[in-house]
Every structure is written in C-alpha cells, then in structure tokens.
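Undergrad: UniProt numbering applies: residue 1 is where the sequence shown begins, and numbers increase by one.
Can you keep this structure in mind? I'll have questions shortly.
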Amino acid sequence: MASPTSPVMWPLSLILLLPLLFFILKKKIQDHIRQRKHLPPGPPRLPIIGNLHQLGVLPHQSLWNFSKKYGPVMLLQLGRVPVLIVSSADAAKEVLKTHDINTCSRPLLAGTGKLSYNYLDVAFTPYGDYWREMRKICVLELFSAKRVQSFQFVREEEIDLLIDSIYKSSSSATAVDLSEKTLSLTANITCRVAFGKGFQERGLSHERFQEVIHEGLAMLGSFSAADFFPYVGWIVDRLTGLHARLERNFQEFDVFYQKVIDDHIQKGTKEPGQEDIIDVLLRLERFQTESGTIQFSEDHIKAILMDSDYEISLSFVLACKTPQSYEKSTRRNQNLRWNKRKVSESDIEKLGYFKMVVMETLRLHPPGTLLIPRETMSQFSINGYEIQPKTRIQVNVWAIGRDPKIWRNPEEFFPERFIDNPIDFKGQNFEMLPFGGGRRGCPGIVMGLATVELALANLLFCFDWKLPFDMKVEDINMEEAAGLTVYKKASLLLVPIRYQPA
1 MASPTSPVMW PLSLILLLPL LFFILKKKIQ DHIRQRKHLP PGPPRLPIIG
51 NLHQLGVLPH QSLWNFSKKY GPVMLLQLGR VPVLIVSSAD AAKEVLKTHD
101 INTCSRPLLA GTGKLSYNYL DVAFTPYGDY WREMRKICVL ELFSAKRVQS
151 FQFVREEEID LLIDSIYKSS SSATAVDLSE KTLSLTANIT CRVAFGKGFQ
201 ERGLSHERFQ EVIHEGLAML GSFSAADFFP YVGWIVDRLT GLHARLERNF
251 QEFDVFYQKV IDDHIQKGTK EPGQEDIIDV LLRLERFQTE SGTIQFSEDH
301 IKAILMDSDY EISLSFVLAC KTPQSYEKST RRNQNLRWNK RKVSESDIEK
351 LGYFKMVVME TLRLHPPGTL LIPRETMSQF SINGYEIQPK TRIQVNVWAI
401 GRDPKIWRNP EEFFPERFID NPIDFKGQNF EMLPFGGGRR GCPGIVMGLA
451 TVELALANLL FCFDWKLPFD MKVEDINMEE AAGLTVYKKA SLLLVPIRYQ
501 PA
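What follows is the structure in structure tokens.
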C-alpha cells in the first residue's frame, strides 16, 4: 500500500485539489473585475448558484438585512443573472426617474413568458411598441378617473351586500372571516367591472377564484430555474413540477377569459356608458387600423385582463391587515357621528385620520414588497457604482418603508406621522412606492384604492370589532405568505358589533 508521501499519491492529490484551486482563482478574478469596473458590493456567492441560497422564504426581508451591511445599492448573482437590489429612496429615484430610460425594460421571465399561451409573452414584454400601446390603453381607457367613476355603482352595490351579510353575523355575535369576506368583495367587483357579471352569474365561486389567484401569485413569485439558468433550467422546472403547475393555472385563466370574450361578442356592442372592460377592449380591437403601432388581438385582451385581475385583487391585502389598527381609526376618532347608514365615496375625502391609516398601512405592508423586476438597457452609474447592461433590477419597497433615515420609529404603526406630510403613494415621492413609480408604475391604482377605501370606511363605520375567543391584539397572526405579492397567511377572524348611529 502506497504511503501518503509516495510519488503515486501526488498526482491523485493534485487532481482532488484542482476544483478548490479553480474556485479560488475564479473568485480572485471576479473580485478583480468587480474592483476594476467599480461594481456595487454584495454578499459572497457560491459557484453556479451565486446568492440564490441566501434569499430565504421571504426574500424582501433577507435582502433588507443584507442592505444593512452592504448598503442600499448592492449586487447579487442569482444563478447566471446579475441582480441589482435597491433599498433606499434616493437610489430608487435614480433608477425609476433619473435613469429611467436606461432601466425601463423588463426581463422576459422564462418561468411565465415561455408557456404555451401567447398572451403571457405580451403581458411580461420588455419595453417597446407593444408596452407603450398597452400603457396608453390602460391609462386613457381602462383606468382613467372617468372610467373608475363610471363603476361607482358596482362598488357601492357590492359593499352594501358585504355589510348586509355581516349584519346577520353581528346579530348572533359570530366571528367573521374578514379575509374571506374582503376577497369575495374584491373578486365580485373585479368580475363585474371587467366581465359585466358577478362570479355566481358566470357559474363560478369566489372560493375557487381565491384558490386560482393565490396559486397564480405563488407561481409568479416562485423560483423558476429557467429564469436564472438559461438553456438548462427548463429541465429542472419540469422535474420539480413547476412548469406543469404554471400550465394548469394559466389554462384555467385562459379558458375563463375565452368564454367571457365569446359571450361578449355574441351579445354585441353596448353604449359607451354601459361598457365593461372587455367591451372597451373589443371596441378597440374592432376599430383598430392597419397603420397602428401593433395589431390588437384577443391574446392582447387576455394579457390586459391578466394584469388588471392581479393588480385589483392585491387591494384585499390592505383590507385584511388594516383592522389591526382599529383602536386608532374608529368613527369616534374620525368624528363620524353622522345619522346615516353608510359612508359614500364623496365622504372619503372628509375622513382625514382614516386616509392616514391607509397611508401607514401601505408604508408598512405594501402589496408588492419587491417591484416587478426591470432590466438595464445600457450602462449607467448610480451612487458611484457602474451598472452594466442586462442587469436585472429589483427595488425593495418593503425596506424603503422601514428606512430609519426617512421614518422615525419605522416599525411602529403610527398614522399621525402623515399629518402635514407631503409624501404620498402615487409614485412621485420615492420614500413610499407601494404601487411603483415612473413609467412602470401601476396603472390600476385609482381603481384598486377606490374599492379599498370605500370598503374599509364602511366596515369601520357600520361596526365595532372585537377579537374572538378572548384573544389579544398581540395574538393576531401576522405571518406573511410569499408570492408575487405578500399577503396574510392566516385568516383574520373578528366579531362584528353593529353600530347604531344617533
């Protein structure tokens, strides 16, 4: 038997050491390139997977902790993809406004865009003619102030039904699943606004809608190997079953959308004031010209419906979380001792403290903790660091809302911080970006907030709320469930007590 020092063992030892030597050499070369190009700092990475193993179950929190050590502009390597993480208001302004033209493209996510459904390819398209045309349609046709106002009767009718259903529970002091109630509300409003009829009229249940929405959000927010490992990642996605789950989920949406579109086509055109969103889109398709920037089709209609469904349904997240602040937002604090049955949309602007509660909820619990990723189109610099083309960018909105340099006692729920505070959430103040900013800001913000504010105002006006089973406020489970958006994992159970105005 050869001894460890024998000549026979030396070649074998060198062979075993080669991978380690290669890794050390590669790391030194990468560090040298990083210093020469003056790239942003970031945590150490492993071969092949980079920093993927460090993201955790809730990436926005892991990235927030990393930013405390490496700064508000840091560079991670996720598989083969360099990803710039932005965690401060100043850096977000640089990305979304100052260098918007360099960062306004969108990476084509292989985990979604490469499915067999064409409308997903256009829904997640990079910046270009199609995106500009769709943005114009959303802003001018689908989510304009006039269009949102035209659906006021839908919101009021559905909220009346919600309040009436809770009245029945209040008579027996039965706990209400407020998470389920608010999801049902937003689902029905969304369905009527977009498709002209409620879910029950279309033979669907909001329970099934909830399952499909949560599955879709989870899939879109999940790790797809194909997104970070080109050419080979799709094999992993098929072995893990991710691709099959995505196919099943979007097949359900595709069948539903096609059925609704066919139903609208059969019924013919409506008067402009009576149109739902599908009527508007079909009218645009019908009267398009060949000289237009893009040729509008039913696939484009499905793409817009997919986007608007997700954007509006995010609003229920706020309704589930805001009741925890009930003691600070009762009608007594708002001086709402009106002799009326409910709050109307015209009353909302009079509710100063209530508006601050919504602002504070959006600061602490933005529906999208990480903005949908962008991709750099050309080289530029930020905070003195050089950012290369084809770098993916993610803005950590959750971290910005907790930045102690901006917010005093950032973890505390304190609506009064917005008294005489000019900051708002419409995308022009980068200290708070729950709906994004710049050209990629959410076009459905007006529609979503109209529903959230009216629903919450009436829930607080019509009822007093108590915790069931001798629970205390600190017992409420605020654990988050991860996905494209973050929502409350456990249902919110509260006992309604009917309020009788004088």
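Note that the Cβ used here is the ideal one computed from N, Cα and C, for glycine as well.
1) To which residues of the same chain is Lys405 closer than 8 Å at the C-beta, ignoring the five residues directly before and after it?
2) For His264, count the other beta carbons within 10 Å of its own beta carbon; 16 or more makes it buried, fewer makes it exposed. Which is it?
3) Buried or exposed: Asn65, going by 16 or more other Cβ atoms within 10 Å of its Cβ?
4) Check whether the stretch 45–58 and the stretch 72–82 touch, using three or more Cβ-Cβ pairs below 8 Å as the test.
5) Taking its Cβ as the centre, do 16 or more other Cβ atoms sit within 10 Å of Arg208, making it buried, or is it exposed?
6) Check this for me: beta carbons of Pro422 and Pro366, under 7 Å apart or not?
7) Rounded to the nearest angstrom, how far is the Cβ of Ile166 from that of Val176, given a contact under 8 Å?
8) Is it true that the CB of Ile277 sits closer than 7 Å to the CB of Ala145?
9) Can you name, in chain order, every residue of its own chain whose Cβ lies under 8 Å from the Cβ of Val212, other than the five neighbours on each side?
10) Roughly how many angstroms separate the alpha carbons of Asp464 and Thr98, rounded to a whole number?
11) Below 6 Å CB to CB, which residues in the same chain sit around Ala225 once its five sequence neighbours on both sides are set aside?
12) Answer with buried or exposed for Phe430, where buried requires no fewer than 16 other C-beta atoms within 10 angstroms of its C-beta.
13) Quick check on the burial criterion: 16 or more other C-beta atoms within 10 angstroms. Buried or exposed for Asp279?
14) Going by beta-carbon coordinates alone, are Thr369 and Trp407 separated by less than 7 Å?
15) Which whole runs of the beta strand (DSSP E) in the stretch 243–283 are 3 residues long or more, in chain order?
16) Using the beta-carbon count (16 or more within 10 Å), is Tyr385 buried or exposed?
17) Within a Cβ cutoff of 6 Å, which residues of the same chain sit near Arg363, ignoring the five residues on either side of it in sequence?
18) Using 8 Å for Cβ pairs, my map puts Phe143 next to Val446. What's the rounded Cβ distance?
19) Under 7 Å, do Asn102 and Ser378 count as touching if we go by C-beta distance?
20) Within a Cβ cutoff of 6 Å, which residues of the same chain sit near Pro40, ignoring the five residues on either side of it in sequence?
21) Please specify which runs of the alpha helix (DSSP H), each continuous and at least 4 residues long, are wholly inside the stretch 341–426, giving them in chain order.
22) Is Val232 helix, strand or coil when you go by DSSP?
23) If distances are taken between C-alpha atoms only, which option among Leu161, His60, Phe229 and Asn383 comes closest to Pro82?
24) Grab the span of the beta strand (DSSP E) containing Val83 for me, first residue to last.
25) So, using beta-carbon positions, are Leu84 and Ile393 closer together than 7 Å?
26) Considering only residues of the same chain and omitting the five flanking positions on each side of Gly437, which have a CB-CB separation below 6 Å?
27) Classify Ala173: buried if its beta carbon has 16 or more other beta carbons within 10 angstroms, exposed otherwise.
28) For Leu318, is the classification buried or exposed, using 16 other Cβ atoms within 10 angstroms of its Cβ as the cut-off for buried?
29) Out of His300, Phe151, Val495 and Glu156, which has the shortest C-alpha to C-alpha gap to Asp470?
30) In terms of residue numbering, what span does the beta strand (DSSP E) encompassing Leu78 cover?
31) Please state whether the Cβ-Cβ distance between Ile189 and Val148 is less than 7 Å.
32) Since Cys104 contacts Arg440 with CB under 8 Å, what's their CB separation in whole angstroms?
33) Output the boundary residues of the beta strand (DSSP E) element that contains Lys136.
34) What does Phe463 pair with, by DSSP beta-bridge criteria?
35) Does the distance from the C-beta atom of Lys302 to that of Tyr231 stay below 7 Å?
36) Per DSSP, what kind of secondary structure is Gly448 in: helix, strand or coil?
TA: Considering the structure as presented:
1) Taking the first residue of the sequence shown as 1, we reach residue 405 at position 405. Result list for Lys405: Ser88, in chain order.
2) The residue you call residue 264 lines up with position 264 of the sequence shown. Buried.
3) For the purposes of this step, residue 65 is taken as residue 65 along the sequence shown, with counting starting at 1. Its Cβ having fewer than 16 others within 10 Å, Asn65 is exposed.
4) yes
5) To locate residue 208, count along the sequence shown from 1; it is residue 208. Exposed, because fewer than 16 other Cβ atoms sit within 10 Å of the Cβ of Arg208.
6) Residue numbering aside, residue 422 sits at position 422 when the sequence shown is read from its first letter. Residue numbering aside, residue 366 sits at position 366 when the sequence shown is read from its first letter. No, these two residues do not count as a Cβ contact at 7 Å.
7) As a position in the sequence shown, residue 166 is number 166, starting the count at 1. As a position in the sequence shown, residue 176 is number 176, starting the count at 1. Yes, Ile166 and Val176 are in contact; Cβ-Cβ is about 6 Å, under 8 Å.
8) For the purposes of this step, residue 145 is taken as the residue at position 145 of the sequence shown. For the purposes of this step, residue 277 is taken as the residue at position 277 of the sequence shown. Not a contact, by the Cβ cut-off of 7 Å.
9) Looking up residue 212 in the sequence shown gives position 212. Once the five neighbours on either side are set aside, the close Cβ partners of Val212 are Asn249, Glu252 and Phe253.
10) What you label residue 464 is simply residue 464 of the sequence shown in a count that begins at 1. What you label residue 98 is simply residue 98 of the sequence shown in a count that begins at 1. Cα-Cα distance, rounded: 47 Å.
11) Locating residue 225 in the sequence shown gives position 225, counting from the first residue. Cβ neighbours of Ala225 beyond the five flanking positions: Gly233, Val236 and Asp237.
12) Taking the sequence shown and counting its residues from 1, one reaches residue 430 at position 430. Answer is buried; the Cβ neighbour count reaches 16.
13) Working through the sequence shown from its first residue, we reach residue 279 at position 279. It is buried - the Cβ of Asp279 has at least 16 other Cβ atoms within 10 Å.
14) Taking the first residue of the sequence shown as 1, we reach residue 369 at position 369. Taking the first residue of the sequence shown as 1, we reach residue 407 at position 407. Result no, Cβ atoms of Thr369 and Trp407 do not sit closer than 7 Å.
15) none
16) Here the question's residue 385 lines up with position 385 in the sequence shown. So Tyr385 ends up on the buried side.
17) The residue given as residue 363 occupies position 363 in the sequence shown. Cβ neighbours of Arg363 beyond the five flanking positions: Gly401 and Met432.
18) For the purposes of this step, residue 143 is taken as residue 143 along the sequence shown, with counting starting at 1. For the purposes of this step, residue 446 is taken as residue 446 along the sequence shown, with counting starting at 1. Confirmed, about 6 Å.
19) Here residue 102 refers to the residue found at position 102 when the sequence shown is read from its first residue. Here residue 378 refers to the residue found at position 378 when the sequence shown is read from its first residue. Cβ atoms of Asn102 and Ser378: closer than 7 Å.
20) Counting from one through the sequence shown, the residue named residue 40 turns up at place 40. Excluding positions up to five away in sequence, the list reads Val73, Met74, Leu75 and Tyr385.
21) 352–364 and 397–400
22) Taking the sequence shown and counting its residues from 1, the one referred to as residue 232 is at position 232. In the structure shown, Val232 sits in coil (DSSP, three-state: anything other than H, G, I, E or B).
23) As a first step, residue 82 is located in the sequence shown; it is residue number 82 there, counting from the start. That would be Phe229, whose Cα lies nearest to the Cα of Pro82.
24) The residue given as residue 83 occupies position 83 in the sequence shown. Run containing Val83: Val81 to Val86, per the beta strand (DSSP E) assignment.
25) Here residue 84 refers to the residue found at position 84 of the sequence shown. Here residue 393 refers to the residue found at position 393 of the sequence shown. Going by C-beta atoms, Leu84 is nearer than 7 Å to Ile393.
26) Residue numbering aside, residue 437 sits at position 437 when the sequence shown is read from its first letter. Answer for Gly437: Leu96 and Gly427, listed in chain order.
27) The residue labelled residue 173 in the question sits at position 173 within the sequence shown. With fewer than 16 other Cβ atoms within 10 Å, it is exposed.
28) Residue 318 sits at position 318 when you count from the first residue of the sequence shown. In this prediction, Leu318 has a pLDDT of 40, which is less than 50 and means its spatial position is unreliable; what the coordinates show is noted afterwards. Its Cβ being crowded by 16 or more others within 10 Å, Leu318 is buried.
29) The count along the sequence shown starts at 1 and reaches residue 470 at position 470. Answer by Cα proximity: Val495.
30) Along the sequence shown, read from residue 1 onward, the residue named residue 78 stands at position 78. Leu78 -> beta strand (DSSP E) spans Val73 to Leu78.
31) Locating residue 189 in the sequence shown gives position 189, counting from the first residue. Locating residue 148 in the sequence shown gives position 148, counting from the first residue. Going by C-beta atoms, Ile189 is not nearer than 7 Å to Val148.
32) Counting from one through the sequence shown, the residue named residue 104 turns up at place 104. Counting from one through the sequence shown, the residue named residue 440 turns up at place 440. Yes, Cys104 and Arg440 are in contact; Cβ-Cβ is about 7 Å, under 8 Å.
33) Within the sequence shown, the letter at position 136 stands for residue 136. No beta strand (DSSP E) contains Lys136, which is instead part of the alpha helix (DSSP H) from Asp129 to Ile137.
34) Start at 1 with the first residue of the sequence shown, and residue 463 comes out as number 463. Looking at the DSSP assignment, Phe463 forms a beta bridge with Arg498.
35) Taking the first residue of the sequence shown as 1, we reach residue 302 at position 302. Taking the first residue of the sequence shown as 1, we reach residue 231 at position 231. No, Cβ-Cβ distance for Lys302 and Tyr231 is not below 7 Å.
36) As a first step, residue 448 must be located in the sequence shown, where it is residue number 448. It is helical.
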